[in-house]
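Going by the UniProt record's numbering, 244 is the number at position 244 of the sequence shown; the sequence numbering is gapless.
For reference, the structure is listed below as structure tokens.
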Amino acid sequence: MFRLKARVPRVLSCVVALLIVFTTFMGLEVIGPSNLKPAYAGTFVTKTYTDGRIYKVYIPTGYQSGIPVPLVVMLHGCTQDPDQFAAGTQMNSIAEQNNFIVVYPDQPSSSHPNKCWHWFDPFHQSRGSGEPSVIAGIVNQVKSEYTIDDNRIYIAGLSAGAAMAVIMGATYPDVFAAIGVHSGLEYKAATSEINAWNAMFQGGPDPNQQGTVAYNAMGSYKRVVPTIVFHGTSDYTVYPINGHQVLSQWAQTNDLASDGIDNNNIDDVADATISGSVPNGRSYTRYVYKDNYGAVIMEKYMVDGMGHAWSGGSTSGSYTDPKGPNASQIMWEFFRDHPKNGGSSTPPSGNDTTPPVTTASPPGGTYVGPVTVSLSTNEPATTYYTTDGTTPTTSSPKYTGPITISNTTTLKFFSVDTAGNQEAVKSETYIIDPNSGSSFSSISSEDGYVGALLADGMSTSVHKVGDKGMYNTDTYRVILSFDTSSLPDNVTITGAKLRIYRKSLSGTVNSISVDIVRGYFGSSSALEQSDYNAPVSANAANGALAVATVAPPGADNAYVDIAIPANALEFINKTGRTQFRLRASTPADFVSDVLEIYGGESSTYAPKLVVNYQ
Numbered sequence: 001m002f003r004l005k006a007r008v009p010r011v012l013s014c015v016v017a018l019l020i021v022f023t024t025f026m027g028l029e030v031i032g033p034s035n036l037k038p039a040y041a042g043t044f045v046t047k048t049y050t051d052g053r054i055y056k057v058y059i060p061t062g063y064q065s066g067i068p069v070p071l072v073v074m075l076h077g078c079t080q081d082p083d084q085f086a087a088g089t090q091m092n093s094i095a096e097q098n099n100f101i102v103v104y105p106d107q108p109s110s111s112h113p114n115k116c117w118h119w120f121d122p123f124h125q126s127r128g129s130g131e132p133s134v135i136a137g138i139v140n141q142v143k144s145e146y147t148i149d150d151n152r153i154y155i156a157g158l159s160a161g162a163a164m165a166v167i168m169g170a171t172y173p174d175v176f177a178a179i180g181v182h183s184g185l186e187y188k189a190a191t192s193e194i195n196a197w198n199a200m201f202q203g204g205p206d207p208n209q210q211g212t213v214a215y216n217a218m219g220s221y222k223r224v225v226p227t228i229v230f231h232g233t234s235d236y237t238v239y240p241i242n243g244h245q246v247l248s249q250w251a252q253t254n255d256l257a258s259d260g261i262d263n264n265n266i267d268d269v270a271d272a273t274i275s276g277s278v279p280n281g282r283s284y285t286r287y288v289y290k291d292n293y294g295a296v297i298m299e300k301y302m303v304d305g306m307g308h309a310w311s312g313g314s315t316s317g318s319y320t321d322p323k324g325p326n327a328s329q330i331m332w333e334f335f336r337d338h339p340k341n342g343g344s345s346t347p348p349s350g351n352d353t354t355p356p357v358t359t360a361s362p363p364g365g366t367y368v369g370p371v372t373v374s375l376s377t378n379e380p381a382t383t384y385y386t387t388d389g390t391t392p393t394t395s396s397p398k399y400t401g402p403i404t405i406s407n408t409t410t411l412k413f414f415s416v417d418t419a420g421n422q423e424a425v426k427s428e429t430y431i432i433d434p435n436s437g438s439s440f441s442s443i444s445s446e447d448g449y450v451g452a453l454l455a456d457g458m459s460t461s462v463h464k465v466g467d468k469g470m471y472n473t474d475t476y477r478v479i480l481s482f483d484t485s486s487l488p489d490n491v492t493i494t495g496a497k498l499r500i501y502r503k504s505l506s507g508t509v510n511s512i513s514v515d516i517v518r519g520y521f522g523s524s525s526a527l528e529q530s531d532y533n534a535p536v537s538a539n540a541a542n543g544a545l546a547v548a549t550v551a552p553p554g555a556d557n558a559y560v561d562i563a564i565p566a567n568a569l570e571f572i573n574k575t576g577r578t579q580f581r582l583r584a585s586t587p588a589d590f591v592s593d594v595l596e597i598y599g600g601e602s603s604t605y606a607p608k609l610v611v612n613y614q
């Protein structure tokens with residue numbers, strides 16, 4: 001049995017990814033034997049979405065094509081996968097008993113090294129963008145294969161998955177009838193990895209403010225979204241304040257969605273407070289929130305003494321607390337009582353006076369070659385654009401697909417929604433300058449540290465150079481991996497620099513030396529123990545040792561640029577990977593001397609390779 005007390009320091013040191021939440025679950029309690037058995041007898045199948053992402057679907061034995069059934073989408077937490085989450089929550093067993101389909105989207109390690117949903121990244125916080133669009137797309141794909149009741153589609157998640165379930169409720173209220181949030185955070189609790197750390201421990205911004213932000217994100221699909229929240233009072237990974245904030249945020253969002261007015265006809269003051277306990281298990285408090293008509297809109301369960309775990313789950317899965325109330329059963333009962341047609345909404349063609357919002361991706365900027373631009377809207381709309389500098393009108397070309405820009409161009413555009421609302425004209429300028437160079441971020445799934453010995457370990461989520469103390473030196477080295485295959489074959493590289501950002505420093509690190517290789521150090525581009533001492537090549541034709549030596553960055557979050565000398569530019573690979581190996585010079589003393597840098601998982605401080613050419 002894992003004991004939370006002994007593992008808390010490990011949790012607090014590892015949790016910093018999700019970008020910061022990347023090992024959110026490493027310190028969860030798994031307590032006692034479970035009374036939940038895998039009693040389901042339906043079919044659990046693996047499917048593939050159009051972008052290659054897999055997801056799993058549970059079809060109960062009672063399902064019959066042509067007869068609509070509910071659908072529950074379950075979003076796993078960091079380090080989990082669909083099988084683990086299904087086993088831990090036992091939602092398939094409940095689906096078998098109640099004849100509904102369950103879908104488990106997978107967050108692969110290729111998207112995040114620790115399989116975390118990007119709840120903290122603005123690109124993944126809006127309709128039609130990033131992971132929300134993928135999850136909604138999976139729902140549509142499931143609907144095309146099975147007979148689903150549109151009024152009874154729900155979504156729930158744990159931790160990072162719960163935070164993403166909140167985002168789905170705000171951005172796709174027309175799809176999801178109700179949401180379940182287990183150990184999660186409010187809408188846009190963070191918009192960067194640094195904010196994410198603060199939010200997990202201290203809570204996010206004012207939930208009343210975020211409630212309004214979530215309401216605005218709904219756009220013309222605004223409607224009351226029934227919400228049920230679970231959180232442990234001893235959760236030291238995502239602190240309990242976040243559970244309270246989720247409830248308060250949705251109280252404000254639903255208050256506005258109910259009639260368009262901030263008048264507290266739905267608020268975060270409980271209409272009923274009920275104490276309960278699980279036989280031979282945990283006590284808990286249930287809070288019930290109603291609207292002015294007496295309908296239950298939200299519920300919150302605070303489970304006494306529970307850590308960061310799925311309440312009432314099974315030990316056959318991962319990261320559960322079987323001593324808590326059965327969150328899966330309670331969530332399903334809440335979902336069952338809240339079909340979409342049971343709540344209020346404003347249809348897109350009704351009293352909608354909000355114009356659409358159009359976004360260009362990628363945004364304007366300087367590019368070294370042709371760029372393909374996509375225009376997306378936050379609701380159904382028609383987009384008009386020009387590329388000749390004139391102001392677009394409804395007589396201008398309609399956007400039907402990506403626009404390729406080969407020369408410096410100002411793209412102007414606007415959209416009109418189905419209710420006739422028109423947004424203001426926007427513009428993005430794309431400067432095409434083949435002499436400007438290219439910037440590459442380190443690949444998070446391939447970078448990390450390797451130790452000198454097997455016992456010194458290796459990790460794709462920690463990036464450290466230095467020593468372990470006890471008069472050792474050069475214990476840890478960092479591998480950084482860049483895909484530079486997009487560099488044009490016919491150009492001459494005139495310069496390059498490697499930029500790294502300091503995350504933390506303990507002890508004394510005098511300098512950092514850099515090796516470079518065209519390709520990769522080991523047998524593949526993936527991180528390997530042998531990368532620590534792998535030669536650049538047998539005859540030095542593919543790389544060079546110690547091409548540069550610099551002092552470490554002077555402060556946390558500060559960076560240092562490492563200029564690649566002219567005689568090493570030939571090792572920058574135009575057809576594949578370019579890798580760097582970093583090692584530190586430290587004193588041989590008793591204490592550990594370690595410099596930790598950010599890796600490719602950081603959206604703000606990822607290592608960058610900037611290549612100039614002509």
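We put the beta carbon where it would ideally sit given N, CA and C, even for glycine.
| query | When the Cα atoms are used, what is the spatial distance from residue 130 to residue 353? | reply | On the sequence shown, residue 130 is found 130 positions in, with the first residue counted as 1. On the sequence shown, residue 353 is found 353 positions in, with the first residue counted as 1. Cα to Cα, the separation comes out at about 26 Å.
| If you draw a straight line from the C-alpha of residue 389 to the C-alpha of residue 544, how long is it? | Taking the first residue of the sequence shown as position 1, residue 389 is located at position 389. Taking the first residue of the sequence shown as position 1, residue 544 is located at position 544. Whole-angstrom Cα-Cα distance: 49 Å.
| task | Buried or exposed for residue 45, please, with buried defined as at least 16 other CB atoms from any protein chain shown within 10 angstroms of its CB. | result | Against the sequence shown, residue 45 aligns to sequence position 45. Under this definition residue 45 is an exposed residue.
| query | Got a sec? Which residues, its chain only, sit under 6 Å from residue 379 by beta carbon, not counting five neighbours each side? | reply | As a working note, residue 379 is residue 379 in the sequence shown. Result list for residue 379: 219, 220, 356, 417, in chain order.
| query | Which residue from 260, 203, 111 puts its Cα closest to that of residue 190? | reply | Along the sequence shown, read from residue 1 onward, the residue named residue 190 stands at position 190. Comparing Cα-Cα distances from residue 190 to each of 260, 203, 111, the minimum goes to 203.
| message | On the DSSP letters alone, give me the boundaries of the beta strand (DSSP E) that residue 229 sits inside. | response | Taking the sequence shown and counting its residues from 1, one reaches residue 229 at position 229. Note, residue 229: beta strand (DSSP E), 227 to 232.
| request: Would you grab the beta carbon distance between residue 376 and residue 128 for me? Rounded to a whole angstrom, and I think it's under 8 Å. | output: For the purposes of this step, residue 376 is taken as the residue at position 376 of the sequence shown. For the purposes of this step, residue 128 is taken as the residue at position 128 of the sequence shown. So it is a contact: roughly 5 Å between Cβ atoms.
| request: Determine, using beta carbons only, whether residue 57 and residue 104 come nearer to each other than 9 Å. | output: Start at 1 with the first residue of the sequence shown, and residue 57 comes out as number 57. Start at 1 with the first residue of the sequence shown, and residue 104 comes out as number 104. Taking 9 Å as the Cβ cut-off, residue 57 and residue 104 qualify as a contacting pair.
| task | Starting from residue 70, trace the beta strand (DSSP E) both ways and give me its first and last residue. | result | Here residue 70 is taken as the residue at index 70 of the sequence shown, counted from 1. Start and end: 69 to 75.
| task | In the DSSP assignment, find the alpha helix (DSSP H) that holds residue 601 and state where it starts and stops. | result | Sequence index remark: in the sequence shown, residue 601 carries index 601 (1-based). Membership of residue 601 in any alpha helix (DSSP H) is not indicated, and neither H nor E is assigned to it by DSSP.
| field | Residue from 284, 216, 288, 275 whose Cα sits closest to the Cα of residue 262 | value | Locating residue 262 in the sequence shown gives position 262, counting from the first residue. Measuring from the Cα of residue 262, the nearest candidate turns out to be 216.
| Between which two residues does the beta strand (DSSP E) containing residue 182 stretch? | Looking up residue 182 in the sequence shown gives position 182. DSSP places residue 182 in the uninterrupted beta strand (DSSP E) bounded by 178 to 182.
| request: Can you give me the Cβ contacts of residue 399 inside the same chain, cut-off strictly under 6 Å, excluding the 5 residues immediately before and after it? | output: Here residue 399 refers to the residue found at position 399 of the sequence shown. Excluding positions up to five away in sequence, the list reads 375, 383, 385.
| task | Please work out which residues of its chain come closer than 6 Å, Cβ to Cβ, to residue 499, disregarding the five sequence neighbours upstream and downstream, and give them in chain order. | result | Numbered from 1 along the sequence shown, position 499 holds the residue referred to as residue 499. Once the five neighbours on either side are set aside, the close Cβ partners of residue 499 are 559, 561, 608.
| said: Measuring straight from C-alpha to C-alpha, what distance separates residue 565 and residue 514? | reply: Here the question's residue 565 lines up with position 565 in the sequence shown. Here the question's residue 514 lines up with position 514 in the sequence shown. Their backbone Cα atoms lie some 11 Å apart in a straight line.
| request: Report buried or exposed for residue 598, applying the criterion of at least 16 other Cβ atoms within 10 angstroms of its Cβ. | output: Position 598 of the sequence shown, counted from the first residue, corresponds to residue 598. With 16 or more other Cβ atoms within 10 Å, it is buried.
| said: Given this structure, state the Cα-to-Cα distance separating residue 24 from residue 237, to the nearest angstrom. | reply: Within the sequence shown, numbered from 1, the residue matching residue 24 stands at position 24. Within the sequence shown, numbered from 1, the residue matching residue 237 stands at position 237. Here the model assigns residue 24 a pLDDT of 39, short of 50, so the residue's position is not dependable and the matter cannot be decided.
| query | With a Cβ-Cβ cutoff of 9 Å, do residue 312 and residue 234 count as a contact? | reply | Your numbering for residue 312 matches position 312 in the sequence shown. Your numbering for residue 234 matches position 234 in the sequence shown. No, these two residues do not count as a Cβ contact at 9 Å.
| field | Per DSSP, cross-strand counterpart(s) of residue 422 | value | The residue labelled residue 422 in the question sits at position 422 within the sequence shown. Beta-bridge pairing links residue 422 to 416.
| Proximity of residue 641 and residue 244 at Cβ, strictly below 9 Å | For residue 641 there is no data in the structure shown, the boundaries of the chain being 1 and 614.
| field | Residue ranges of each beta strand (DSSP E) within the stretch 262 to 332, 3 or longer | value | Qualifying beta strand (DSSP E) stretches, in chain order: 272 to 277, 283 to 290, 296 to 303.
| Three-state secondary structure (DSSP) of residue 125 | Numbered from its first residue, the sequence shown carries residue 125 at position 125. The answer is coil: DSSP assigns residue 125 none of H, G, I, E or B.
| task | Check whether the Cβ of residue 195 lies closer than 8 Å to any heavy atom of the ligand MN, and answer yes or no. | result | Questions concerning the ligand MN fall outside what the structure shown contains, since it holds no ligand whatsoever.
| message | List, from N- to C-terminal side, the beta strand (DSSP E) runs of 3 residues or more that fit wholly inside the stretch 147 to 207. | response | 148 to 158, 178 to 182
| task | Can you grab the Cα-Cα spacing for the pair residue 457 / residue 137, in whole Å? | result | If you number the sequence shown from 1, residue 457 lands on position 457. If you number the sequence shown from 1, residue 137 lands on position 137. Looking at the two C-alpha atoms, the distance is approximately 39 Å.
| query | Does the distance from the CB of residue 592 to the CB of residue 469 come in under 9 Å? | reply | Numbered from its first residue, the sequence shown carries residue 592 at position 592. Numbered from its first residue, the sequence shown carries residue 469 at position 469. Yes. Within cutoff.
| query | Considering only residues of the same chain and omitting the five flanking positions on each side of residue 534, which have a CB-CB separation below 7 Å? | reply | Mapped onto the sequence shown, residue 534 falls at position 534. 521, 522.
| field | Backbone secondary structure at residue 134 - three-state DSSP | value | By 1-based counting over the sequence shown, the position of residue 134 is 134. Residue 134 falls in the helix class under three-state DSSP.
| said: Does residue 5 come out as helix, strand or coil in the three-state DSSP assignment? | reply: The residue given as residue 5 occupies position 5 in the sequence shown. Caution applies to residue 5, whose pLDDT of 31 falls short of 50 and renders its modelled position unreliable; the value that the coordinates give is listed next. In this structure, residue 5 counts as helix in the three-state DSSP scheme.
| Going by C-alpha distance, which of 428, 392, 231 is nearest residue 320? | Residue mapping note: residue 320 aligns to position 320 of the sequence shown, counting from 1. Checking every option, the nearest Cα to that of residue 320 belongs to 231.
| task | Run through the stretch 437 to 467 for me and flag every whole beta strand (DSSP E) of 3 or more residues, listed as ranges in chain order. | result | 438 to 441, 448 to 451, 464 to 467
| Which word fits residue 291, buried or exposed, when buried means at least 16 other C-beta atoms lie within 10 angstroms of its C-beta? | If you number the sequence shown from 1, residue 291 lands on position 291. Classification for residue 291: buried.
| query | Given residue 442, which residues of its chain have a CB within under 8 Å of its CB, disregarding the five upstream and five downstream residues? | reply | On the sequence shown, residue 442 is found 442 positions in, with the first residue counted as 1. Closer than 8 Å at the Cβ level, and outside the excluded window around residue 442, lie 480, 481, 482, 599, 600, 606, 607, 608, 609.
| said: If we require 3 or more residues per run, which beta strand (DSSP E) segments fall completely within the stretch 484 to 526? | reply: 493 to 506, 511 to 518
| query | Going by beta carbon distance, what residues of the same chain come within less than 6 Å of residue 506, once the five residues before and after it are set aside? | reply | Taking the sequence shown and counting its residues from 1, one reaches residue 506 at position 506. Counting only residues of its own chain and dropping the five nearest sequence neighbours on each side, residue 506 has a CB closer than 6 Å to the CB of 594.
| query | Do the CB positions of residue 467 and residue 473 come within less than 9 Å of each other? | reply | For this step, residue 467 is matched to residue 467 along the sequence shown. For this step, residue 473 is matched to residue 473 along the sequence shown. Cβ atoms of residue 467 and residue 473: closer than 9 Å.
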